[in-house]
Amino acid sequence: MATKTVTDQNFASDVLGASGPVLVDFWAEWCGPCRMIAPALEEISNDLGDKVTVAKLNIDENPDVPARYGVRGIPTMLLFKDGQPIAQKVGAAPRSQIQQWLESNLVSTQSQAG
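Heads up: the sequence shown begins at 1 in the UniProt record's numbering, then just goes up one per residue.
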């Protein structure tokens with residue numbers, strides 16, 4: 001499952017209204033670390049596509065949502081569950097670290113709900 005592009009216009013429906021967890025990657029074309037983690041996010045999306053939706057939001061084209069959530073540096077990844085941000089990771093990291101962070105937060109949300 002490939003990553004999904006979200007915008008200021010469809011953020012409410014595609015992220016806040018999503019039935020499952022959504023990882024939003026706030027990025028920009030000019031951001032080297034953002035481009036470094038993009039392939040890792042694609043792979044994670046393929047591996048965990050049934051557990052989480054991986055979405056990308058370009059902060060230059062969509063300034064409203066990053067401002068609403070206080071995104072100051074990129075890359076920033078916010079994990080949303082039931083319309084609420086539940087975890088945040090700022091900065092580039094190897095795929096293994098991103099996936100470990102994501103999976104640990106997904107597990108903690110399941111145990112809270114379960």
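The C-beta atom is built at its ideal place from N, Cα and C for all residues, glycine as well.
Problem set entry | Short Cβ contact (8 Å threshold) for Ala-2 with Ser-45 | yes
Exercise. Any beta-carbon of chain D closer than 8 Å to the one on Ser-45?
Worked result: Among the chains of the structure shown, chain D does not appear; only one protein chain is present.
Exercise. Between which two residues does the beta strand (DSSP E) containing Asp-64 stretch?
Worked result: That residue, Asp-64, is in no beta strand (DSSP E); its alpha helix (DSSP H) goes 64-68.
Exercise. If you run the structure through DSSP and keep just helix, strand and coil, what is Ile-59?
Worked result: coil
Problem set entry | Alpha-carbon spacing of Val-71 relative to Ser-108, whole angstroms | 23 Å
For this session: Using the Cα positions of Asn-10 and Pro-94, report the straight-line distance between them to the nearest angstrom.
Result: 29 Å
Exercise. Cβ of Asp-64 within 8 Å of Cβ of Asp-8?
Worked result: yes
Exercise. Fully enclosed by the segment 79-107, which beta strand (DSSP E) runs are 3 residues long or longer?
Worked result: 84-90
Problem set entry | Minimum C-alpha distance to Met-77 - residue among Leu-102, Thr-5, Ala-28 and Gln-88 | Gln-88
Problem set entry | Which listed residue (Gly-83, Trp-101, Pro-39 and Glu-43) has its alpha carbon closest to that of Val-22 | Gly-83
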